[in-house]
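Colleague:
Numbering (the working numbering), first residue to last: 61 to 496.
1. Residue ranges of each alpha helix (DSSP H) run of no fewer than 4 residues wholly in the segment 334 to 371, ordered along the chain?
2. In whole angstroms, what separates the C-alpha of residue 414 from that of residue 228?
3. Would you tell me roughly how many angstroms separate the C-alpha atoms of residue 162 and residue 453, rounded to the nearest one?
4. Determine, using beta carbons only, whether residue 119 and residue 86 come nearer to each other than 7 Å.
5. Following the continuous alpha helix (DSSP H) through residue 117, name the residue where it begins and the one where it ends.
6. Skipping 5 residues on each side, what residues in its chain have a beta carbon closer than 8 Å to that of residue 148?
7. May I ask you to report which of helix, strand or coil DSSP gives residue 171?
8. Between the segment 381 to 391 and the segment 183 to 198, can you find at least three pairs of beta-carbon atoms closer than 8 Å?
9. What residue range is occupied by the uninterrupted alpha helix (DSSP H) comprising residue 515?
10. What did DSSP end up calling residue 232 once you bin it into helix, strand or coil?
11. Since residue 80 and residue 234 should fall inside the 8 Å C-beta cutoff, what is the C-beta to C-beta distance between them, to a whole number of angstroms?
12. Would residue 358 be called buried (16 or more neighbouring beta carbons within 10 Å of its own) or exposed?
13. Are the CB atoms of residue 296 and residue 311 within a distance shorter than 7 Å?
14. With distances taken Cα to Cα, identify the nearest neighbour of residue 107 among 243, 166 and 175.
15. Helix or strand or just coil, what does DSSP make of residue 157?
16. Note the first and the last residue of the continuous alpha helix (DSSP H) segment covering residue 106.
17. So residue 435 is in the alpha helix (DSSP H); what residue range does that whole segment cover?
18. Using beta-carbon positions only, say whether residue 273 and residue 450 come within less than 7 Å of one another.
19. As an exercise, report each continuous beta strand (DSSP E) stretch of at least 3 residues that is fully enclosed by the segment 287 to 315, in chain order.
20. For the structure I just gave you, are there three or more beta carbon pairs, one from the segment 132 to 141 and one from the segment 238 to 248, closer than 8 Å?
21. Within 10 angstroms of the Cβ of residue 117, are there 16 or more other Cβ atoms? Answer buried if so, exposed if not.
22. Short check: CB of residue 136 to CB of residue 238, under 7 Å?
23. Considering only the beta carbon of each residue, do residue 96 and residue 105 sit closer than 7 Å?
24. Taking the alpha carbon of residue 154 as the reference point, which residue from 302, 329, 440 and 100 has its own alpha carbon closest?
25. Under the assumption that residue 321 contacts residue 373 (Cβ atoms under 8 Å), give the Cβ distance between them as a whole number of angstroms.
26. Which residue marks the beginning of the alpha helix (DSSP H) containing residue 449, and which one marks its end?
27. Count the C-beta pairs between the segment 394 to 409 and the segment 341 to 357 that are closer than 8 Å, then say yes if the count reaches three, no if not.
28. Going by DSSP in three states, residue 283 sits in which element: helix, strand or coil?
29. Between the alpha carbons of residue 446 and residue 392, how many angstroms are there, rounded?
30. With distances taken from CA atoms, which of 231, 323 and 169 is nearest residue 403?
31. If you count every other CB in all the chains shown that lies within 10 Å of the CB of residue 102, and 16 or more means buried, which is it?
32. If you compare alpha carbons, which of 337, 441, 348 and 224 is closest to residue 146?
Structure (structure tokens):
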């Protein structure tokens with residue numbers, strides 16, 4: 061990871077993302093806790109996460125808009141807009157104002173998918189192809205590391221002074237990110253003019269995902285796991301409340317434990333991609349989620365700690381594998397639409413599962429639901445692992461003592477060239493995922 065951090069352009073982007081990811085880490089759990097405190101409902105708390113993910117249905121439109129503009133100024137404008145859209149949270153006072161939290165959460169979800177799509181293209185422009193896994197791994201390591209302090213700090217600040225300080229800090233983080241990226245200097249190729257009618261342009265990302273074998277398997281496998289992974293957003297509140305018999309704020313402690321596992325997973329993710337390829341790393345991440353969920357079906361604190369550590373390891377492996385695969389297998393002029401479409405194909409099933417989980421947690425034993433999550437995610441991981449040979453391990457990053465081995469050029473698809481206005485070549489330039 062030190063190799064990619066030696067690049068001045070990436071260090072500047074890294075500093076900006078550190079500010080925005082810190083804002084995100086203190087805010088997201090606090091929104092759910094805020095709703096729980098106002099309503100006393102586990103289901104309504106979990107529905108906060110559903111509100112964030114629901115706008116993923118607009119992903120094709122968002123990706124099309126992103127691909128029409130240069131990445132750096134668009135990223136700056138999107139961060140400024142995100143800071144502004146958080147301001148209505150200052151008006152939240154009691155249970156009647158919960159709808160404000162849901163509206164802001166939905167708008168934040170739209171912002172999230174926009175920033176993710178822009179960031180993926182910005183990283184592609186700043187980082188050479190062979191360093192993409194390292195770049196994504198660095199960002200996921202920081203994101204998961206922030207779980208060590210962010211959610212606990214957010215929950216603590218909310219309990220001590222209320223939501224206004226959390227909102228202020230989150231807005232400051234996004235404003236800082238916009239200011240820092242504004243200093244970034246990157247030579248960007250002007251977006252290609254549209255070659256097809258706009259409905260075809262909107263669907264170009266989905267067609268690329270369906271036509272590329274490795275991307276197709278990755279999205280099918282991860283989408284299957286996402287059908288039940290979202291249950292845990294509501295189940296974790298029932299686990300703490302009914303299983304451990306603790307206050308809802310203890311969720312912040314468990315999320316911090318998960319952050320320790322995420323920190324380990326982030327540090328290992330680039331190595332995993334180099335050893336087993338992008339689909340192999342994705343398979344490992346989804347598979348690890350299975351035994352973690354099964355362990356949470358038995359409410360013992362020590363076992364829950366082990367399970368959340370394992371779940372933490374799984375998340376960065378999953379995201380680094382998927383993000384790197386998308387960046388390497390997608391033409392730069394199509395990257396916004398493909399990144400946004402992939403978010404929708406994963407988050408769509410996850411949104412459904414979060415909504416279903418919020419309903420099921422009140423009707424079924426949470427332990428049975430955790431067991432169901434464990435079985436299905438293990439099966440999804442096995443499906444992905446079977447296709448790991450679709451993405452053989454990439455070449456090692458260049459070093460002062462070892463020359464760089466160029467990646468082979470993938471075959472050109474004339475239909476895709478017509479749809480996007482660019483050739484399907486591996487663009488090695490000085491060039492995300494949020495991860496988001």
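Every residue, glycine too, gets a C-beta built ideally from N, C-alpha and C.
Note that the structure is predicted; figures quoted are calculated from it, not measured.
Modeller: Checking against the coordinates, here is how it stands:
1. none
2. 28 Å
3. 42 Å
4. no
5. No alpha helix (DSSP H) contains residue 117, which DSSP labels as neither H nor E.
6. 160, 163 and 164
7. helix
8. yes
9. No answer is possible for residue 515: it lies beyond the span of the chain, which begins at 61 and ends at 496.
10. helix
11. 6 Å
12. exposed
13. yes
14. 166
15. helix
16. 102 to 113
17. 426 to 446
18. yes
19. none
20. yes
21. exposed
22. yes
23. yes
24. 100
25. 4 Å
26. Where residue 449 is concerned, there is no enclosing alpha helix (DSSP H), given that its DSSP letter is neither H nor E.
27. no
28. helix
29. 28 Å
30. 169
31. buried
32. 224
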